[in-house]
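J.: Under numbering that gives the first Met the number 0, the first residue of the sequence shown is numbered 0, with each subsequent residue one higher.
We treat Cβ as the ideally placed atom computed from N, Cα and C, and that holds for glycine.
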Amino acid sequence: MNEIIKKIIEEVRQEFALSPFDTDSMIATYLKEGIYDIERIAGSQIDYDKDMQARVLLKNYVNYRRHGRLAEFKEVYAGEYTEIQIKYFNPILHERKD
């Protein structure tokens, strides 16, 4: 488990008052799913140590995922996804090839 995942697991445990039944491996799986989802939308890798907006979004992803509420999460946080997508947009990767 890499260092950023370990840090965020501890933050998630504290911020959302998780029970001991929420295992580190389960939270790590949710974090990896969230990282994949956020970076897929962003079109880029994100440094979650530096980008606090993405980090908060990731932690909220985990919280909603724990409760089986991903559809609601996508609705509530659609604006944040759009902001991250704009922030990481790389015009060179998306230029038209006519």
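1. Which residues bound the alpha helix (DSSP H) around Phe20?
2. When you compare the segment 54-63 with the segment 27-35, are there three or more beta-carbon pairs, one atom per stretch, that lie closer than 8 Å?
3. Relative to the C-alpha of Arg64, which residue among Ile83, Met25, Gln52, Gln84 is closest?
4. From Phe15 to Phe88, what distance separates their C-alpha atoms?
5. Are Asp48 and Ile85 close, meaning C-beta to C-beta below 8 Å?
6. Let me know the secondary structure DSSP gives Phe72 once reduced to three states.
T.: Working from what's here:
1. The residue given as residue 20 occupies position 21 in the sequence shown. Per DSSP, Phe20 is not a residue of any alpha helix (DSSP H), being assigned neither H nor E.
2. The segment 54-63 is in contact with the segment 27-35.
3. As a first step, residue 64 is located in the sequence shown; it is residue number 65 there, counting from the start. Measuring from the Cα of Arg64, the nearest candidate turns out to be Met25.
4. What you label residue 15 is simply residue 16 of the sequence shown in a count that begins at 1. What you label residue 88 is simply residue 89 of the sequence shown in a count that begins at 1. Looking at the two C-alpha atoms, the distance is approximately 31 Å.
5. As a first step, residue 48 must be located in the sequence shown, where it is residue number 49. As a first step, residue 85 must be located in the sequence shown, where it is residue number 86. Against a cut-off of 8 Å, the Cβ pair of Ile85 and Asp48 comes out as no contact.
6. Within the sequence shown, numbered from 1, the residue matching residue 72 stands at position 73. For Phe72, the three-state secondary structure derived from DSSP is helix.
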